[in-house]
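**Student:** Residue numbers (the working numbering), protein chains in the order written: chain X, 1 to 265; chain Z, 1 to 320; chain D, 1 to 270. Pasting a structure here, questions to come.
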Amino acid sequence: MAKHVLRVVAVVYVMLLLVLPVALIVWRTFGDGLGPFAEALTSPSALHAFKVTVVVAGWAVLANTVFGVGAALLLVRHEFPGKRLLGAFIDLPMAVSPVVVGLALILVYGRFAPLGGLLESWGIQVIFSTPGMVLATVFVSLPLVVRAVVPVLEELGDEQEQAAHTLGASRVQTFVRITLPGIRWALGYGVVLCLARSLGEYGAVAVVSGRLVDQTQTMTLFVEERFQNFDQPAAFAAATALALIAVVTLLLTKLLRPKDRSDGN
Amino acid sequence: MAIEVRDVNKSFGTTPVLRDVSLDVAAGSLTALLGPSGGGKSTLLRVIAGLERPDTGTVLISGADATRLSPQRRNVGFVFQHYAAFKHLTVFRNVAFGLEIRKRPKDEIRKRVMELLELVHLEKLADRYPSQLSGGQRQRMALARALAVEPQVLLLDEPFGALDAQVRKELRTWLRRLHDEVHVTTVFVTHDQEEAIEVADTIVVLAGGEVVQAGSPGEVYDNPANPFVMRFLGPVTEIGGSLVRPHDLELSQDPVEGGSPAVVSRVVRLGFEVRVEVEIGGHEAWVQVTREQADRLGLGPGDTVHVRPAPGARSLALAL
Amino acid sequence: MTAITVRPSSRVAGGTAAGLGTAVLYLSLIVLIPLAAVVWRSADEGPGYFWRSVTTPDAWAALTLTVGASALVALVNLVVGTVIAWVLVRDRFPGRAVLDTIIDLPFALPTIVAGLVLLALYGPQSPLGVNLAYSRAGVVLALLFVTLPFVVRTVQPVLLELDTEMEQAAASLGASPFQTFRRVILPNLIPAMLSGTALAFTRAIAEFGSTVLISGNLPFKTQVAAVNIFSQIEGDNTTGAAAISTVLLVVALVALITLDVLQRWGSRRG
Numbered sequence: 001m002a003k004h005v006l007r008v009v010a011v012v013y014v015m016l017l018l019v020l021p022v023a024l025i026v027w028r029t030f031g032d033g034l035g036p037f038a039e040a041l042t043s044p045s046a047l048h049a050f051k052v053t054v055v056v057a058g059w060a061v062l063a064n065t066v067f068g069v070g071a072a073l074l075l076v077r078h079e080f081p082g083k084r085l086l087g088a089f090i091d092l093p094m095a096v097s098p099v100v101v102g103l104a105l106i107l108v109y110g111r112f113a114p115l116g117g118l119l120e121s122w123g124i125q126v127i128f129s130t131p132g133m134v135l136a137t138v139f140v141s142l143p144l145v146v147r148a149v150v151p152v153l154e155e156l157g158d159e160q161e162q163a164a165h166t167l168g169a170s171r172v173q174t175f176v177r178i179t180l181p182g183i184r185w186a187l188g189y190g191v192v193l194c195l196a197r198s199l200g201e202y203g204a205v206a207v208v209s210g211r212l213v214d215q216t217q218t219m220t221l222f223v224e225e226r227f228q229n230f231d232q233p234a235a236f237a238a239a240t241a242l243a244l245i246a247v248v249t250l251l252l253t254k255l256l257r258p259k260d261r262s263d264g265n
Numbered sequence: 001m002a003i004e005v006r007d008v009n010k011s012f013g014t015t016p017v018l019r020d021v022s023l024d025v026a027a028g029s030l031t032a033l034l035g036p037s038g039g040g041k042s043t044l045l046r047v048i049a050g051l052e053r054p055d056t057g058t059v060l061i062s063g064a065d066a067t068r069l070s071p072q073r074r075n076v077g078f079v080f081q082h083y084a085a086f087k088h089l090t091v092f093r094n095v096a097f098g099l100e101i102r103k104r105p106k107d108e109i110r111k112r113v114m115e116l117l118e119l120v121h122l123e124k125l126a127d128r129y130p131s132q133l134s135g136g137q138r139q140r141m142a143l144a145r146a147l148a149v150e151p152q153v154l155l156l157d158e159p160f161g162a163l164d165a166q167v168r169k170e171l172r173t174w175l176r177r178l179h180d181e182v183h184v185t186t187v188f189v190t191h192d193q194e195e196a197i198e199v200a201d202t203i204v205v206l207a208g209g210e211v212v213q214a215g216s217p218g219e220v221y222d223n224p225a226n227p228f229v230m231r232f233l234g235p236v237t238e239i240g241g242s243l244v245r246p247h248d249l250e251l252s253q254d255p256v257e258g259g260s261p262a263v264v265s266r267v268v269r270l271g272f273e274v275r276v277e278v279e280i281g282g283h284e285a286w287v288q289v290t291r292e293q294a295d296r297l298g299l300g301p302g303d304t305v306h307v308r309p310a311p312g313a314r315s316l317a318l319a320l
Numbered sequence: 001m002t003a004i005t006v007r008p009s010s011r012v013a014g015g016t017a018a019g020l021g022t023a024v025l026y027l028s029l030i031v032l033i034p035l036a037a038v039v040w041r042s043a044d045e046g047p048g049y050f051w052r053s054v055t056t057p058d059a060w061a062a063l064t065l066t067v068g069a070s071a072l073v074a075l076v077n078l079v080v081g082t083v084i085a086w087v088l089v090r091d092r093f094p095g096r097a098v099l100d101t102i103i104d105l106p107f108a109l110p111t112i113v114a115g116l117v118l119l120a121l122y123g124p125q126s127p128l129g130v131n132l133a134y135s136r137a138g139v140v141l142a143l144l145f146v147t148l149p150f151v152v153r154t155v156q157p158v159l160l161e162l163d164t165e166m167e168q169a170a171a172s173l174g175a176s177p178f179q180t181f182r183r184v185i186l187p188n189l190i191p192a193m194l195s196g197t198a199l200a201f202t203r204a205i206a207e208f209g210s211t212v213l214i215s216g217n218l219p220f221k222t223q224v225a226a227v228n229i230f231s232q233i234e235g236d237n238t239t240g241a242a243a244i245s246t247v248l249l250v251v252a253l254v255a256l257i258t259l260d261v262l263q264r265w266g267s268r269r270g
C-alpha cells in the first residue's frame, strides 16, 4: 500500500512538473504539422541565432575539453601544494548565478575596464561580441569535463601508464595510446554535458551579449525575444528544437555514463 | 653484472624505505627479492626500473649508469603485480605495444608477437581482450609484453601474488622453465619463501629497508645470517636457547647421548608428515617426523621421549 | 659512482608546475579575476553604499523572496527528491527506466525553455485552468523544475549501495518496516539528502532564466535577486548590481561550505 502511494507521488510529481509542460510545448509546436515549425526555424533571424549559438558553444566546448582533461590529469596524477584549493576553484562556477557571471565579465572585459580597454585598443571587442559570449559560456560550463574525467582517471590508476613507460612510450605516446582510450567514455560524457550546457546558456550570455538581434542573439535569446514580441510560434518552435537537443543529450549521456560501463570494451 | 645497485637510499616523506642498499645481479641469473611486506623489496625493484627515483645512490644496468634515466629509456621489462593490462587493447596489441612504440615493421611485429604468444601458450587467445582472460592468462600476457622489447633485464613485482594457490604453483614451475629457455636476467619480488627457494638461483633477503642476506637458496636456508632469516625461510622451533629446524630433530623412546627428555603434548598428523608437540624443560617445541617414524614410536600425549638434533643439523644460538 | 644530490621532496616537478601555471592562468582570467572584480566593485563606494544598495526596497524584497523561495524549494526537494530516489531504486513498474532517464531533463533543458514550457501549462492560456503566471507560486514552480535532479541524484547512489542485509538484520531483530526505515535506512541517507538539498538551494538562489518569463519580474512581488541584478546592470548601476551579487555569492559559499562539512561528516560515518 505504502509502496503504491510513493510510486504515485513520484510519478505524478514528475508528470506535472516535467513531462506535461514539455509535452504541451511540443504538441503546440507540431499541432499544425511540420510546416510552421520548419518555417519558424528557417527565418533569417533564427538561422543567424543558430549560427551564433554553434560558434559560441563550439569554442567553449573546445576550450573546456582541453582545460578539463589537463586539469583532471593535474588533480589526479600530480602532487602539489594547494591541490584542494584548485579543486574548489574549479567547482566555483556551479555556485555563481549566470547573471553574476555576466556582470563579472563586464567589470573586467568591458570597454571601460582596464583589461577590456587594453584589448579594445588592440581591436578586440569582448563584451557585446562573440569573445565575451564565449568567455561567459566557458565560465558556466567549466567544471563539467573535469568532474566527469576525474573519477575515471582515479579508478584507472597509473599502473597501465607506468607499464607503457617501461615499454618505451614517451609521455605523449602514453597519453594518446593508454590514458585517452581509458577515459574516452567519461570524456565523451563530460563533453556532451558541456555542449548541452553551452547550447542552453541564457543568463550569462544575455548580460554580455547586449542581446543585439541578428548580431549577438543566440537560440535561447531568440526564444525569449520572440516570446516577448508575441511571436509565439517562433518562440515555441525554437524552444522545441532546444528541448529536442536536450532529449538527445540525455540519451547520449545515458549511453556514455561512466558508471554503466565497467570496462572500455 | 647485469644490475649493480650502490648505496641506494629512498624515503617516502619521512619514512625511510631503503637504507644503503647495495646489490649485484649476475647476468642471466634468476634472483628473488624476498622479505616481509613493507621490507622495501618492491621499492627496490621500482628503483631499478626507474619508476621510483632514489634519494641517493646509483643504479647501473649492463654497466651503464641508469640512475637518472627515465623508465622509457632503460629497456627493462617490468611485470606488475596486478598485470597493468591495457584494457582497451587485444592480447596481440598488448604484446605488440613496445614494438609499435619502437616503430618496428609490421611483419616483424606480427612474427615476434606470435612467437612470444606461443612461448606463453596464449597463441589461441591473441584476439581476446584482457577482461576475457583468467588471472593466470593475464599474467602470462603481461610477461610476453615485457619480453617483447627484448629487455636487458626482466623485473617482476609479486608476479603470482594475485593468483590462487593452484595456478601459482603451475606458473612457478613454468617461470623457471621459461627462464632456462630465454636466459634473460630476471629479478622478481616475493614474500613467499617457498616460491623463492623453488624458482630462484639467488635469494636476496630484504627487511626493514636493508639487505639482510644474499646467496643461493641452499646457503640462505642452511646458513641463515640471523634468526630473522632463519625464521623467514622455513619452520623453526626453539630448543635449549637455539633455533633449529623441526625436521632436523630426532625422537627416541630411550635416553640417547646429547638428547633431552621431553613430554609429548599433542600429535598432529598432516598427511605424510607428523607434527609432534613436546614440552622440554618448561618450553614448548615441536618436532617433524615421518608417519612411519611416528607409527614406530607409537606416540601419544603424556609419553616421555628424548629429543636430539640429527647429525649435521644446523642450529642458530639465540642471543639471550 | 658519485651519489646524486638529495632532491627536496617538497619541490614540484617541472611538468606539474607548467600545467599548474596554465590551469591557474585559465581559471584566473575566466573565473577568479572577474569574480574578484564583482566583490571589489561592490565595495567601491564604501560600506554605507553597499548597505544602501542591498537594502533598497526592491533589492531587499528580491533578496528575501529569493532566499525564502529557495529554502521552500530545497525543503520540497528534500522530501519529494528522496521519495523519487526511493521509488527509482526499490520499486519496479513499467516506465521506471523512462522516469529514471527524464529526471535529468532539467539539467539538459535550457532554463529559458524551462520557463516557457511552465508558462504554457501554468500560464494565462493554461489548458488546466491553473494560472500561476506573475505570482510567487510561479517562481517557486520554476525553481522546483530546475532543482528536481539534485536530491534524487545524490540519494539514489547511496540507496543503491545500501546493504539490504542490514534491513533484513533489523527485521530479524523484530523491527517493523517503519522502524527499519527510521532507525536503519534514514540515518544512512541523511548525509546524501542534506547534500542534495544544499545543492538545490545553491542552484535556486542563483536561478535566472527559468523565472524570467513566468514571474513577469514584478518588483516587490515576483522579482528574484538575479533578475534584480540584471535590471540594475541594464540601468547601468553596476555598483548596486555588484553589491547584490556579492550577497548572492556569500550565501552560495555558505551553503557550499555547509555541504562540504556535511559530506565529510557523511564520509566519516560511512
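Idealized CB from N, CA, C, for every residue including glycine. Note that this is a predicted model, so its numbers are computed, not measured.
Tell me, which residues are paired with Ile48 (chain Z) by DSSP?
**Tutor:** Per DSSP, none; premise fails for Ile48 (chain Z).
**Student:** Going by beta carbon distance, what residues of the same chain come within less than 7 Å of Ala310 (chain Z), once the five residues before and after it are set aside?
**Tutor:** Cβ neighbours of Ala310 (chain Z) beyond the five flanking positions: Asp248, Leu249 and Glu250.
**Student:** So, is Asp104 (chain D) buried or exposed, given that buried needs 16 or more other C-beta atoms within 10 angstroms?
**Tutor:** The residue in question, Asp104 (chain D), is buried, as its Cβ has 16 or more Cβ neighbours within 10 Å.
**Student:** Is the beta carbon of Gln284 (chain D) less than 8 Å from the beta carbon of Val89 (chain D)?
**Tutor:** The requested residue 284 (chain D) is not part of the displayed model; chain D covers only 1 to 270.
**Student:** What whole-angstrom Cβ distance do His165 (chain X) and Pro71 (chain Z) have, given they're in contact under 8 Å?
**Tutor:** So it is a contact: roughly 4 Å between Cβ atoms.
**Student:** Should Gly51 (chain Z) be flagged as near chain X, meaning a C-beta pair shorter than 8 Å?
**Tutor:** The sequence shown places Leu at residue 51 (chain Z), rather than the Gly named in the question. Closer than 8 Å to some Cβ of chain X, the Cβ of Leu51 (chain Z) qualifies, so yes.
**Student:** Run down chain C in chain order and give the residues with a C-beta less than 8 Å from the C-beta of Val14 (chain X).
**Tutor:** Note that chain C does not occur in the displayed structure, where the protein chains are X, Z and D.
**Student:** Check the Cβ-Cβ distances between Phe78 (chain Z) and every residue of chain X, and say whether any is below 8 Å.
**Tutor:** Output row for Phe78 (chain Z): interface = yes.
**Student:** Roughly how far, in whole angstroms, is the beta-carbon of Val117 (chain D) from the beta-carbon of Ala239 (chain X), given that I think they are within contact range, below 8 Å?
**Tutor:** About 7 Å; that satisfies the 8 Å criterion.
**Student:** Of all the CB atoms in chain X, is at least one closer than 8 Å to the CB of Arg102 (chain Z)?
**Tutor:** For Arg102 (chain Z), the answer is yes, since a Cβ of chain X falls inside 8 Å of its Cβ.
**Student:** Can you look up Gly259 (chain Z) in the DSSP assignment and give me helix, strand or coil?
**Tutor:** Three-state DSSP puts Gly259 (chain Z) in coil, outside helix and strand.
**Student:** So, with DSSP's three-state summary, where would you put Ser43 (chain X)?
**Tutor:** If DSSP states are grouped into helix, strand and coil, Ser43 (chain X) belongs with coil.
**Student:** Could you name each continuous alpha helix (DSSP H) segment of 4 residues or more that falls completely within the segment 151–228 of chain D, going from the start of the chain to the end?
**Tutor:** List check, alpha helix (DSSP H) in window: 164–172, 177–180, 186–206 and 209–215.
**Student:** Please determine if the segment 15–32 of chain D and the segment 216–224 of chain D are in contact, where contact requires at least 3 C-beta pairs separated by less than 8 Å.
**Tutor:** Touching, no, given that fewer than three Cβ pairs across the two stretches are closer than 8 Å.
**Student:** With a threshold of 16 other CB atoms inside 10 Å of the CB of Ser9 (chain D), please say whether the residue is buried or exposed.
**Tutor:** For Ser9 (chain D), the predicted structure reports a pLDDT of 41, less than 50, and the residue's modelled location is therefore unreliable. A value from the coordinates is still provided. By the neighbour-count rule (16 or more Cβ atoms within 10 Å), Ser9 (chain D) is not buried but exposed.
**Student:** Write down the C-beta distance between Ser315 (chain Z) and His191 (chain Z) rounded to the nearest angstrom, noting that I regard them as a contact closer than 8 Å.
**Tutor:** Wrong, their Cβ atoms sit about 25 Å apart, outside the cutoff.
**Student:** Between D:Ser195, D:Ser231, D:Val254 and D:Gly138, which lies nearest to Gly102 (chain X) when the distance is taken from Cα to Cα?
**Tutor:** The shortest Cα separation from Gly102 (chain X) among D:Ser195, D:Ser231, D:Val254 and D:Gly138 belongs to D:Ser231.
**Student:** Just to make sure I have the definition right: I need the residues of chain D whose C-beta is within less than 7 Å of the C-beta of Lys254 (chain X). Which are they?
**Tutor:** In chain order: Thr101.
**Student:** So which residues on chain X does Pro34 (chain D) lean against when the C-beta distance must stay under 7 Å?
**Tutor:** The answer, in chain order, is Ala104, Leu105, Leu107 and Val108.
**Student:** Starting from Ser245 (chain D), find everything on chain X with Cβ-Cβ shorter than 9 Å and list it in chain order.
**Tutor:** Those within 9 Å of Ser245 (chain D) in chain X are Val96, Ser97, Val99, Val100, Leu103 and Ala104.
**Student:** Just to make sure I have the definition right: I need the residues of chain X whose C-beta is within less than 8 Å of the C-beta of Gln72 (chain Z). Which are they?
**Tutor:** Here the neighbours are His165, Thr166, Gly168, Ala169 and Ser170.
**Student:** Distance, Cα to Cα, Leu262 (chain D) vs Phe112 (chain X)?
**Tutor:** C-alpha separation (whole angstroms): 43 Å.
**Student:** With a CB to CB cut of under 7 Å and the five nearest residues on each side skipped, what residues in its chain are close to Phe236 (chain X)?
**Tutor:** Answer for Phe236 (chain X): Ile25, Arg28 and Thr29, listed in chain order.
**Student:** Cα separation between Val56 (chain X) and Val24 (chain D)?
**Tutor:** The alpha-carbon atoms of Val56 (chain X) and Val24 (chain D) are separated by roughly 23 Å.
**Student:** What are the residues in the segment 219–238 of chain X lying within 7 Å of chain D by C-beta distance?
**Tutor:** Correct list: Thr220, Val223, Glu224, Phe227 and Ala235.
**Student:** Expressed to the nearest angstrom, what Euclidean distance is found between the alpha-carbon atoms of Asp312 (chain Z) and Gln166 (chain Z)?
**Tutor:** Reading off the sequence, residue 312 (chain Z) comes out as Gly, not Asp. Each residue's Cα considered, the two are about 34 Å apart.
**Student:** Look at the alpha carbon of Val192 (chain X) and the alpha carbon of Leu148 (chain D), and state the distance between them as a whole number of angstroms.
**Tutor:** Cα-Cα distance, rounded: 20 Å.
**Student:** Ile183 (chain X) versus chain Z: which residues are under 7 Å apart at the beta carbon?
**Tutor:** Simply none; closest approach about 10 Å.
**Student:** Just how far apart, CA to CA, sit His183 (chain Z) and Ser29 (chain Z)?
**Tutor:** When rounded, the distance between both Cα atoms is 8 Å.
**Student:** Taking three-plus beta-carbon pairs below 8 Å as touching, is the segment 50–68 of chain X in contact with the segment 182–200 of chain D?
**Tutor:** No: fewer than three Cβ pairs fall under 8 Å.
**Student:** Using the C-alpha atoms, what's the distance from Ala108 (chain D) back to Leu142 (chain X)?
**Tutor:** So the two alpha carbons sit approximately 15 Å from each other.
**Student:** Output yes or no for whether 8 Å exceeds the beta carbon distance between Ala195 (chain Z) and Phe160 (chain Z).
**Tutor:** It is Glu, not Ala, that sits at residue 195 (chain Z) in the sequence shown. Cβ distance < 8 Å, so Glu195 (chain Z) and Phe160 (chain Z) count as in contact.
**Student:** Of all the residues that make up the segment 25–58 of chain D, which are near chain X by a beta-carbon distance shorter than 7 Å?
**Tutor:** For the segment 25–58 of chain D, which is checked against every Cβ of chain X, the residues closer than 7 Å are Tyr26, Leu27, Ile30, Val31, Leu32, Ile33, Pro34, Leu35, Ala37, Val38 and Arg41.
**Student:** Within 10 angstroms of its Cβ, does Gly33 (chain X) collect 16 or more other Cβ (buried), or is it exposed?
**Tutor:** With fewer than 16 other Cβ atoms within 10 Å, it is exposed.
**Student:** Taking the CB atoms as reference points, tell me whether Val153 (chain Z) and Ile3 (chain Z) lie closer together than 8 Å.
**Tutor:** Yes, these two residues count as a Cβ contact at 8 Å.
**Student:** For Glu201 (chain X), which of helix, strand or coil comes out of DSSP?
**Tutor:** Of the three classes helix, strand and coil, the one that applies to Glu201 (chain X) here is coil, per DSSP.
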